[in-house]
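Asker: Pasting a structure below so you can have a look.
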């Protein structure tokens with residue numbers, strides 16, 4: 001069963017505007033972590049932002065913020081004031097497991113973001 | 118402070134051959150995870166090593182095996198290569214085995230199987 005779902009294969013946004021990338025997840029664990037990564041065409045995977053399952057506040061990191069809705073199992077990434085350099089592939093990921101038994105990180109299929117000048 | 122390093126950068130093999138990929142974790146990190154990323158897809162978790170033991174494994178056949186050394190570096194071995202093994206192989210490191218720790222990724226090894 002799909003554990004991470006990103007329903008937007010591609011998104012366009014005008015430079016300087018905000019954009020929301022959607023992500024839903026499925027897990028029966030109570031303790032898990034949610035991550036967003038950016039992958040430019042160079043292939044490097046860049047960590048953007050993290051949300052823990054027990055965090056009550058939505059995570060923010062500079063221009064990146066999460067709209068975390070635990071009951072709906074969704075964690076949408078909001079990028080404010082888009083820049084041309086934001087054009088890349090964006091992956092939502094979930095880490096589940098146990099601190100003694102190790103953990104797995106499951107990635108979604110990704111959303112390709114195009115920022116227009 | 119060196120980040121995660123991987124070698125080689127690119128590799129070309131033929132079907133049936135064996136390959137070994139290497140990863141050195143970020144300084145201070147002791148946990149290494151390996152991922153396979155086929156073209157146009159998200160990374161798929163292969164396995165995770167901590168304290169020189171495989172702690173978690175994804176849905177990959179036994180042809181995929183690994184090792185972690187006392188200095189925390191790791192190897193990924195793939196036997197009997199198939200065309201479908203062509204992918205970007207990413208290594209990620211973190212500190213301790215925890216759901217809350219950020220993973221840092223290496224630049225990847227691009228494997229092409231002919």
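Chains as they are written, first to last, in our numbering: chain A, 1 to 117; chain B, 118 to 231. For each residue, glycine too, the CB sits at the ideal point set by N, CA and C.
(1) Checking contacts by CB at 7 Å: is residue 104 of chain A closer than that to chain B?
(2) If you measure between the beta carbons of residue 7 of chain A and residue 26 of chain A, is that distance less than 7 Å?
(3) Less than 7 Å separating the beta-carbons of residue 159 of chain B and residue 43 of chain A?
(4) Does the Cβ-Cβ distance between residue 198 of chain B and residue 134 of chain B come in under 7 Å?
(5) Alpha carbon to alpha carbon, how far is residue 195 of chain B from residue 187 of chain B? Give it in angstroms, no decimals.
(6) With H, G and I counted as helix, E and B as strand and the rest as coil, what does DSSP make of residue 199 of chain B?
(7) Would you check if the distance between the CB atom of residue 204 of chain B and the CB atom of residue 153 of chain B is smaller than 7 Å?
(8) Output the residue ranges of the beta strand (DSSP E) runs that lie fully inside the segment 24–101 of chain A and measure 3 residues or longer, sorted by chain position.
(9) Out of curiosity, what's the CA-to-CA distance linking residue 185 of chain B and residue 34 of chain A?
Answerer: In short, the structure shows the following:
(1) Interface residue, yes.
(2) Not in contact: residue 7 of chain A and residue 26 of chain A (Cβ atoms no closer than 7 Å).
(3) Their beta carbons are not under 7 Å apart, which means residue 159 of chain B does not touch residue 43 of chain A by this criterion.
(4) For residue 198 of chain B and residue 134 of chain B, yes; Cβs fall inside 7 Å.
(5) In a straight line, the C-alpha of residue 187 of chain B is about 21 Å away from that of residue 195 of chain B.
(6) Residue 199 of chain B: coil per DSSP, three-state reduction.
(7) Against a cut-off of 7 Å, the Cβ pair of residue 153 of chain B and residue 204 of chain B comes out as a contact.
(8) Complete beta strand (DSSP E) runs here, min 3: 32–39, 46–52, 64–69, 74–79, 88–98.
(9) When rounded, the distance between both Cα atoms is 26 Å.
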